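Please read the structure below before turning to the comments.
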Amino acid sequence: MKPTFILAIAISIAFVRCGNKNNTSSVDTVNTTIDSTAKAHSDSITPDTTVIIQNNETNNTTNTSTNISGSAWYKNKYCGGMRPTPEVENQYNKEYVVPSCKLKFINNNTVVYATTDANGNFNAPLTAGTWNYTLVSTQGSGLPIDMSCEKYFDHSYGSVEISDKKNNPIRLLFAFPCDPCDPYSNMRP
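Quick look at the structure:
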């Protein structure tokens, strides 16, 4: 019985030593760089691989990307305790441009980044399909949110459908919640 027990322990130790190493691999082709070290966050849509599409040459495959242009907008949620006046409600129904901010588009295991200009306009090389979109923390963007609060950036704000036909321009809306990192936010009615 002792040799069987010792053998079982040796096999267990071997499996523990061989498990979960942080492997970084990259595959370079003409148009695509893949990095397989994307980290998963709870309650988020985070892919296993990151694909950065470089537009050096044309891609002759059937799954080609199209340079999609669009604009990004945001609106805030009223976070006060009392019922707002009609004037205050109107203020929170207004939409504002997302200036100078990095956006992330996610489709299955593909991630594409784009940056808005001062007017909220962007261009992104997206393939046909459904793309979820989220923000990336961007210091100096002028957004009225706490850039150090990761809860603003760990989930999708919506999705956009890209087809092989004309898609331009697309319009993204980010509806910001009350500050999710505020320790008193769950005490509001």
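So for the sequence shown, this note's numbering puts the first residue at 339; every next one is plus one.
Using N, Cα and C, we set each Cβ at its ideal position, and we do this for glycine too.
Values in this document were obtained by computation on a predicted structure and should not be read as measured data.
query: Flag this pair as touching only if the segment 450 to 461 and the segment 481 to 494 have three or more C-beta atom pairs under 8 Å; answer yes or no.; result: no
query: Taking the straight line between their C-alpha atoms, what separation do you get for K442 and T448?; result: 10 Å
query: For the segment 412 to 475, list the beta strand (DSSP E) runs that are entirely contained and at least 3 residues long, ordered along the chain.; result: 440 to 445, 448 to 453, 459 to 464 and 467 to 474
query: Could you tell me whether the segment 490 to 499 touches the segment 428 to 437, using the rule of 3 or more Cβ pairs below 8 Å?; result: no
query: Do N295 and I444 have their C-beta atoms within less than 7 Å of each other?; result: The structure shown does not extend to residue 295, since the chain spans only 339 to 527, so no value can be given for it.
query: Give every residue of the same chain whose Cβ lies closer than 7 Å to the Cβ of V436, excluding the five residues on either side of it in the sequence, and list them in chain order.; result: A410, W411, Y412, T454, G458, L481 and F512
query: By the 10 Å Cβ neighbour count, where 16 or more other Cβ atoms means buried, how is Y490 classified, buried or exposed?; result: buried
query: Does the distance from the CB of C439 to the CB of T476 come in under 7 Å?; result: yes
query: Taking its Cβ as the centre, do 16 or more other Cβ atoms sit within 10 Å of G418, making it buried, or is it exposed?; result: exposed
query: Candidates C519, Y522, A462 and P521: which alpha carbon is nearest I508's?; result: A462
query: Taking the continuous beta strand (DSSP E) assigned at S497, which residues delimit it?; result: G496 to I500
query: Using the rule of at least 16 other Cβ atoms within 10 Å of the residue's Cβ for burial, across every protein chain shown, is D520 buried or exposed?; result: exposed
query: Give the DSSP-derived three-state secondary structure of L510 in the structure shown.; result: strand
query: Roughly how many angstroms separate the alpha carbons of T465 and K503, rounded to a whole number?; result: 11 Å
query: Using 10 angstroms around the beta-carbon of G478, count the other beta-carbons present and answer buried if the total reaches 16, otherwise exposed.; result: exposed
query: I'd like to confirm the pairing. Which residues does DSSP put opposite I406 in its beta bridges?; result: A462
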